[in-house]
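Trainee: I am attaching a structure below and will ask some questions about it afterwards.
2 protein chains.
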Amino acid sequence: MDARPTYDEKLLRILRESAAIFAAKGYHRASIRDISAATDVSLSGLYYYFRSKEELLFLIQDHCFGTLHHRLNEELEGSTDAVARLRIFVRNHLRFFLSNQAEMKVLSHEADVLTGEHRAAVQKRKRAYAAAAEAILTELGPPGGVKPRSATFALFGMMNWIYTWHRPDVDPDADRLAEQMTHLFLHGYRTPIAEGAEALPERSGGGRGDAPSIWRTD
Amino acid sequence: MDARPTYDEKLLRILRESAAIFAAKGYHRASIRDISAATDVSLSGLYYYFRSKEELLFLIQDHCFGTLHHRLNEELEGSTDAVARLRIFVRNHLRFFLSNQAEMKVLSHEADVLTGEHRAAVQKRKRAYAAAAEAILTELGPPGGVKPRSATFALFGMMNWIYTWHRPDVDPDADRLAEQMTHLFLHGYRTPIAEGAEALPERSGGGRGDAPSIWRTD
DNA sequence: TTCCCGATCGAACGCTCGTCCGGTTCTCCC
DNA sequence: GGGAGAACCGGACGAGCGTTCGATCGGGAA
Chain A
1 MDARPTYDEK LLRILRESAA IFAAKGYHRA SIRDISAATD VSLSGLYYYF RSKEELLFLI
61 QDHCFGTLHH RLNEELEGST DAVARLRIFV RNHLRFFLSN QAEMKVLSHE ADVLTGEHRA
121 AVQKRKRAYA AAAEAILTEL GPPGGVKPRS ATFALFGMMN WIYTWHRPDV DPDADRLAEQ
181 MTHLFLHGYR TPIAEGAEAL PERSGGGRGD APSIWRTD
Chain B
1001 MDARPTYDEK LLRILRESAA IFAAKGYHRA SIRDISAATD VSLSGLYYYF RSKEELLFLI
1061 QDHCFGTLHH RLNEELEGST DAVARLRIFV RNHLRFFLSN QAEMKVLSHE ADVLTGEHRA
1121 AVQKRKRAYA AAAEAILTEL GPPGGVKPRS ATFALFGMMN WIYTWHRPDV DPDADRLAEQ
1181 MTHLFLHGYR TPIAEGAEAL PERSGGGRGD APSIWRTD
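These protein sequences, in sequence, are chains A and B.
Quick note on numbering: the working numbering labels position 139 of the first sequence as 139, and the sequence is numbered without any gaps.
Position in the second sequence (first residue = 1) + 1000 = the working numbering.
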């Protein structure tokens, strides 16, 4: 066994530690000096592995998104039933979220930090992944009243919000949560909205869908 | 009409402009100098209205949460039917989110920035609001298989994720979204999970609910 | 042994940040 | 007019930031 780690191994280690620090303190509040301390690599030594702090964030996000999507395709392979595919999608997403909480927090929390080409590259990955999700929903057949776009994002919201509340000692594990969220989503998505029955008498404001500004002083 | 604004009016204006800047750039990246420029108040003049940048964030979050919860109670008054109350809750939440997107983004995105008493005060507000939500779910009767705690957070996830995707020119307005999300949630929440039918054959890993680390190198 | 080059480091640079101090202006009341 | 207190400001301070530069280390090739 070689004691010396290779270039790639050391880079991955730096990415892993950096992700943990970004997740804990947030990208902007975390300093390269924090990362230097956590990795035992000197401040300037780190710049041998990335060109800038922003590129470091990009490397983390790109690697995570790539792996997430790649594993989804692996898991989906051979499955044709639409409902089963939805279930696999949700399970894959939640497993990753709970197994790599720090990385996934960085992915969803620091989504709009990158600029230029880095931003474009990550957004491309994100769009491809979201398209895969929307395709699975489309396979389910016509929805019962909720638009596929809203429904897709509602599902993503359910799943991505997890990092703000999940406690492993109290809450269900990834597979159980996947069952529950698939169930939660599926029934609502396919059940038609009863015509008219859902209407709610207008109350305050009157302007449809508007709420007064939160800064109102009365 | 008095041309000179009162102390309170000016404070609220500062809070409003600050919220917009925090939402756009993120709390840590936004500087007091940015806020000074946006409000036309000198750098040091701002400190007449708050003791520190953190207190400024606290004032925004406290005011928003307080107003949100207060209006919920107003809207709920007189309504006794459990489903109607859920619908009112979702509608109130979404109306606020879409009418005050910047403030709500600050509320959910910069949730764990505060420390000490500020943090405690906001968390108290948040817990009270979440408890109100969970109480409404409890009124719905026993769920069909999803725990109320998970279900509550799933619902919050759906709603709070909105600021990442909603485009007013494409997507439904707050009231329609409220209808759809209530519908989505309600059917899944009350429909029992068919015993055994939801199980999915294990595939990769084998470890129940685990995914291999994203940093695996093979 | 000598040389080379990828890998690593200490020390600094220029900049921006949050905050504070001392003083000035404005407004109202006597 | 004069005094008091609220409202406001210019300019600076020290700290921390991302990044860079020139020098050094260490192990395989010649």
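Note that beta-carbon positions come from the ideal geometry of N, C-alpha and C, so glycine has one too.
Of all the residues that make up the stretch 78-103 of chain A, which are near chain B by a beta-carbon distance shorter than 8 Å?
Mentor: Hits within the stretch, in order: 84, 87, 88, 91, 92, 95, 96, 98, 99, 100, 103.
Trainee: When the cut-off is 8 Å and only beta carbons count, does residue 1157/B lie next to chain A?
Mentor: Judged by the 8 Å Cβ criterion, residue 1157/B is in contact with chain A.
Trainee: Cα separation between residue 1050/B and residue 1111/B?
Mentor: Those two C-alpha atoms are separated by around 19 Å.
Trainee: Roughly how many whole angstroms lie between the Cα atoms of residue 158/A and residue 1137/B?
Mentor: About 16 Å.
Trainee: If you run the structure through DSSP and keep just helix, strand and coil, what is residue 193/A?
Mentor: Coil, per DSSP.
Trainee: Between 1169/B, 1043/B, 1163/B, which lies nearest to residue 1105/B when the distance is taken from Cα to Cα?
Mentor: For residue 1105/B, the nearest C-alpha among the options comes from 1163/B.
Trainee: Starting from the Cα of residue 1097/B, find the closest Cα among 1127/B, 1165/B, 1013/B, 1185/B and give me that residue.
Mentor: The candidate whose alpha carbon is nearest that of residue 1097/B is 1165/B.
Trainee: Which of helix, strand or coil does DSSP assign to residue 161/A?
Mentor: DSSP places residue 161/A in helix when its eight states are reduced to three.
Trainee: Put residue 1150/B into one of helix, strand or coil per three-state DSSP.
Mentor: In the structure shown, residue 1150/B sits in a helix (DSSP, three-state: H, G or I).
Trainee: What are the complete beta strand (DSSP E) segments, minimum 3 residues, inside the stretch 1096-1122 of chain B?
Mentor: Correct list: empty.
Trainee: For residue 1041/B, which three-state DSSP category applies?
Mentor: Three-state result, residue 1041/B: coil.
Trainee: What separation, rounded to the nearest whole angstrom, lies between the Cα atoms of residue 102/A and residue 1005/B?
Mentor: Cα to Cα, residue 102/A sits roughly 46 Å from residue 1005/B.
Trainee: Tell me which residues share the same chain as residue 1224/B and place their Cβ nearer than 7 Å to its Cβ, disregarding the 5 neighbours each side in the sequence.
Mentor: Residue 1224/B cannot be examined here, being either before or after the span of chain B that is shown, 1001 to 1218.
Trainee: Scan the stretch 170-183 of chain A for residues whose Cβ lies nearer than 9 Å to a Cβ of chain B and list them as they occur along the chain.
Mentor: From the stretch 170-183 of chain A, only 170, 171, 172, 173, 174, 175, 176, 177, 178, 179, 180, 181, 182, 183 have a Cβ closer than 9 Å to chain B.
Trainee: Does the beta-carbon distance from residue 1061/B to residue 1122/B come in below 8 Å?
Mentor: Yes.
Trainee: Do residue 1119/B and residue 28/A come within 8 Å of each other at the CB atom, strictly closer than that value?
Mentor: No, Cβ-Cβ distance for residue 28/A and residue 1119/B is not below 8 Å.
Trainee: If the criterion is Cβ atoms closer than 8 Å, does the pair residue 172/A and residue 180/A meet it?
Mentor: Closer than 8 Å, so yes.
Trainee: Would residue 1183/B be called buried (16 or more neighbouring beta carbons within 10 Å of its own) or exposed?
Mentor: Residue 1183/B should be labelled buried.
Trainee: Tell me where the alpha helix (DSSP H) around residue 22/A begins and ends.
Mentor: Note, residue 22/A: alpha helix (DSSP H), 7-25.
Trainee: For a contact defined as C-beta to C-beta under 9 Å, what are the partners of residue 242/A on chain B?
Mentor: For residue 242/A there is no data in the structure shown, the boundaries of chain A being 1 and 218.
Trainee: Hey, how far is the Cα of residue 13/A from the Cα of residue 1076/B?
Mentor: One C-alpha to the other measures close to 52 Å.
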